[in-house]
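In this note's numbering, the protein residues as written are 94 to 1039.
Glycine residues also receive a C-beta, built at the ideal position from the N, C-alpha and C atoms.
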Amino acid sequence: MKTPSNGEGPLQGFHGPNLGYVIELYERFLEDPQSVDAEMREYFEKWGSPEQTQIDTFENDKPVQAAAPGQLEKTLAAIRLADNIRAYGHISADIYPLKNNKPEKDILALEQYGLTRNDLEQVPASIICSDAPSHVRNGFEAIEHLKNVYTQTIAYEFHHVYDVNEKNWLRNKVETGTLLAEPSNEKKVGVLKRLMEVEEFEKFLHRTFVGQKRFSIEGLDTLVPLLDELVAESVVDGAKTINIGMAHRGRLNVLAHVLGKPYEMIFAEFQHAPNKELVPSEGSIGINYGWTGDVKYHLGLDRQIKKENTTKARLTLANNPSHLEFVGAVVEGFTRAAQDDRSASGYPKEDPSSAMAILIHGDAAFPGQGTVAETLNLSQLTGYRTGGTIHIIANNTIGFTTESQDSRSTRYASDLAKGYEIPILHVNADDPEAVVAAAQLACEYRAKFNKDFLIDLIGYRRFGHNEMDEPMTTNPLMYNVIHKRPTIKSLYSEQLVANGTLSRESLEGMDAEVLDKLKEAYNKVPDKKKEVEETNPPETVEKGIPELATAVELKTLKQINEELLTWPEDFKVFNKLDKILKRRTEALEGNGKIDWGLAETLAFASILKDGTPIRLSGQDSERGTFAQRNVVLHDSSSGKAYSPLHMLSSSKASFAVHNSPLSEMAVVGFEYGYNVFAPETLVLWEAQYGDFSNAAQVMFDQFISAGRAKWGQKSGLVMLLPHGYEGQGPEHSSGRVERFLTLAAENNWTVANLTSSAQYFHILRRQAAILNREEVRPLVLMSPKSLLRNPNVASNGLELSEGAFQPIIEQPGLGQAKDQVKRIVFGTGKIMIDLHENIEDAANLDWLHILRVEEIYPFPMKKIRSILEQYPNVEEIVWVQEEPKNMGAWNFVEPRLSELAPAGAKVSYTGRRRRSSPAEGDPNVHKKEQARIINEVLTRTEEGGF
């Protein structure tokens, strides 16, 4: 409908749904004139109520009789009904296979709006639905069309999508009626064949491996055809990499049928047979053998999708622990790494069409676990976007034994996504054709708008949470219905036979073929009774880091430093920062000093010169939490950003730095995933304060520390955790180094706490050098706060150009008279600088020597032993730390120091007593305790003794 083109009437230009919108605005205007914008306020003040106005309308450029006030009221009611069908039709949709969630009343009934069929037949169809098919002739037929498309086995929720273009595009796709067009017979038979494979695989496992856990897919069998369609469509759209993340429910079936993991390998894992005899290891295949390993339903896989012997795409299912949703952020990191071109200086060049993420969620976990919201929040952020993730909720309508009314406060499991304006489709998992159509719409939307899309696949769980559960004990009503429900394969088979797509004989032949394939694979499994060898990690995992040259010529460092302090003539740095940065001009000359921030920037620049890309993220990482970094500068007049590291003439790779959202869990997972998928890249995550990392504890426990032992998944991720006691209270003191040391084994990572900027320079360059080596492992750095600008931590140029990383450093000026030394003090990090600053007269401390342990894990046993052998009269070995006795490194180092201590020497502790909180809240109490610790270390307790 439209008004005459030359009209000046009150509703000139408003038609269809917009007319209803104007009515709503007018109602708001009556309540509060200031609640509408000035233009509409003036409009209403001039013309009054739209409902009192007769409007001449045109249909296909032909005049239609003017609507009387009563007719207009009916038209507006019809428009409201149409809008409510679009917004709330999902409530009446046929999306529950068990038919157990019907609405209490039909909110879309005509009488609810004071309408009759006759009323609607007087309303032009185009007012109700401009996208209706041509056979729709009037308002009544238009309403019936909308009810039909919005309440079938796909229900749509995109009312919350604010972007008009997106909403109109989605509306057009739904209302034209083309989305659910009947697929070809070939397509139908292909989907049925897949459903046969899915069901028979589960039944075969159930019969053959009685009582073993498998977390079957049954009840959500159409998840596999859904994934098939998503993968196929995304490859057509140009994706070279598709990354999937999912928990354990249905994982074995996805591995077998989407990833192509051979049946015989899965059967071997059930038999606990050494499956490496079957197929050469690829990705995580066979990790159970010869490694610490993981259970079979946590393992991932890589698959190359090939056509005519040409690789078309790489398909990855990420390894995932039982911590359900946490893999989502890791997969997002995988995907961004696959999309970034890091081969040139500047920020990496993104190509969102080159890779896609698919995340499969649980219906209880999606609203229940906070990491989901953290990960969703990354979707449109510059540093973390991946061009749209397709989310699937594998909706059993139950979590373990808990039904939805006890597990969430929302109508749908998917409602969290509405806050991120993600379109949602609720699909009946027992309608395979609707499931395939949903996949096609998801891929189209993602390709067009580069945004997330969610498919809520609603089915059920045919058995208990695992194959040893009896669900009738806790959910008898639901399982009475489920036990009577035919499987989706049975339902769809009968449908295709009934409509003549497939004969009964062909159906039976397909079934037999699938079963024969399973039996043949099972017969290939090696001796089921063969003893499995002890699963010791391969020797290479425990190799130390080799000696590597990390020094950089002084001439090169000077040239880099000069370029770092040169910015465009029209770029004006804030005057105070300009002065601070310009002090670095002489840092590499004569007696100049290189502070922590400059050492880091020089390390980054030299690593880029070597051709290694760098990615750094964290809260405020561009500037640095303590204003120490400033690798991104901002013009003080225009606000324009500029990074000197992007303009280095010698740079051969990209440098990305991103201020992260206020998230630890998702961001750490993302950076870990990025590093795993881009192993040649030095990836660093920085906590704002060290103990903020405890909000990402699952990532450290389940992925970063153990990923290699469980899955063979290598990582060289660097974690910068500001640590040190400066009287800032419990949350701003400790990076919880004890937790990282508790997880330390098999050389799984390096844990370090450094006392010089040169040490930081060299350990960063060492980390970059091992990225593509077998010895690669993550690096946990307890980075400083107060030491960032401390002159006793600053280094000179020669230490960068001639030195190397030292796992242990001897305190200068002490321990000269080796036979006089009675006490040797060990410690790590800031406390060692405090001791250094309190040594007033080294000549009176001939009884004392101090060793700084820069690399706590792997503990430098060999180096320390060689030092101790030089001091024959040592009576006491002391470990000093700022942290309470039950925290810090003491519990880790005590048995090692006891092993190293000379015969008769006592090993003791100096520091804070055991506490439940890491630090004092009162700065004065902190100072007193700190002074006590320093005094105890530097003072003999009695003349001639300790």
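{"query": "Whole-number beta carbon distance between Asn-336 and Ala-411, since they are thought to touch under 8 Å", "result": "7 Å"}
{"query": "Ile-638 at chain B interface by Cβ criterion, 7 Å", "result": "The question asks about chain B, but that chain is absent: this structure has only one protein chain."}
{"query": "Opening and closing residue of the alpha helix (DSSP H) in which Ala-540 lies", "result": "525–542"}
{"query": "Outcome for Thr-718 when other beta-carbon atoms lying within 10 angstroms are tallied against a minimum of 16", "result": "buried"}
{"query": "Three-state class that DSSP yields for Val-886 in the structure shown", "result": "coil"}
{"query": "Reference Ala-837, options Val-986, His-751, Asn-177, Ser-879, closest by Cα", "result": "Val-986"}
{"query": "Per DSSP, the bridge partner or partners of Val-973", "result": "Thr-1003"}
{"query": "Helix, strand or coil at Asp-433 according to DSSP, with G and I counted as helix", "result": "strand"}
{"query": "C-beta contact flag for Trp-778 and Met-740 at 7 Å", "result": "no"}
{"query": "Counterpart residues of Pro-217 in DSSP-defined beta bridges", "result": "Asn-231"}
{"query": "Beta-carbon gap between Leu-944 and Phe-919 smaller than 7 Å", "result": "yes"}
{"query": "Residue range of the alpha helix (DSSP H) that includes Thr-649", "result": "647–657"}
{"query": "Cutoff 6 Å; reference Gly-820; Cβ partners in own chain excluding five residues on either side", "result": "Pro-1016, His-1019"}
{"query": "Cβ-Cβ separation, Ala-522 to Pro-190 (assumed contact under 8 Å), whole Å", "result": "6 Å"}
{"query": "CB contact flag (Thr-428, Thr-479, <7 Å)", "result": "yes"}
{"query": "Bridge partners - Ser-710, DSSP secondary structure assignment", "result": "His-751, Trp-778"}
{"query": "Nearest residue (CA-CA) to Glu-895, options Val-914, Val-873, Gln-852", "result": "Gln-852"}
{"query": "Backbone secondary structure at His-365 - three-state DSSP", "result": "coil"}
{"query": "Span separating the alpha-carbon of Ala-170 from that of Gln-164", "result": "10 Å"}
{"query": "Buried or exposed by the 16-neighbour rule on C-beta atoms within 10 Å, applied to Gln-781", "result": "buried"}
{"query": "Helix, strand or coil at Lys-405 according to DSSP, with G and I counted as helix", "result": "strand"}
{"query": "Any 3 or more C-beta pairs closer than 8 Å across the stretch 882–900 and the stretch 636–647", "result": "yes"}
{"query": "Coil, strand or helix - His-454 by DSSP", "result": "strand"}
{"query": "Asp-939: first and last residue of the uninterrupted alpha helix (DSSP H) it sits in", "result": "Asp-939 -> no alpha helix (DSSP H), and no H or E assigned at all."}
{"query": "Proximity of Ala-448 and Val-424 at Cβ, strictly below 7 Å", "result": "no"}
{"query": "Same chain, Cβ closer than 7 Å to Phe-664, five either side skipped, listed in chain order", "result": "Asp-728, Tyr-735"}
{"query": "Nearest neighbour of Ser-500, chosen from Leu-709, Ala-1024, Ala-457, Lys-442 [CA to CA]", "result": "Ala-457"}
{"query": "Residues sharing a beta bridge with Ile-485, DSSP", "result": "Ile-453, Ile-548"}
{"query": "Cutoff 7 Å; reference Gly-376; Cβ partners in own chain excluding five residues on either side", "result": "Reliability fails at Gly-376, whose pLDDT of 35 lies under 50, so the model's placement of it is uncertain and the value that follows must be treated cautiously. Cβ within range, chain order: Gly-393, Leu-394, Asp-395."}
{"query": "Distance between beta carbons of Glu-514 and Tyr-255, contact taken as under 8 Å", "result": "6 Å"}
{"query": "Tyr-767: first and last residue of the uninterrupted alpha helix (DSSP H) it sits in", "result": "758–770"}
{"query": "For Thr-843, the three-state DSSP class (helix, strand or coil)", "result": "strand"}
{"query": "Residue of Leu-452, Tyr-553, Gln-473, Asp-444 minimising C-alpha distance to Ser-497", "result": "Tyr-553"}
{"query": "Distance CB(Ala-340)-CB(Gly-461) smaller than 7 Å", "result": "no"}
{"query": "Inter-stretch contact at 8 Å, needing at least 3 Cβ pairs: the stretch 753–760 / the stretch 781–792", "result": "yes"}
{"query": "Under 7 Å between C-beta atoms of Ala-175 and Ile-221", "result": "yes"}
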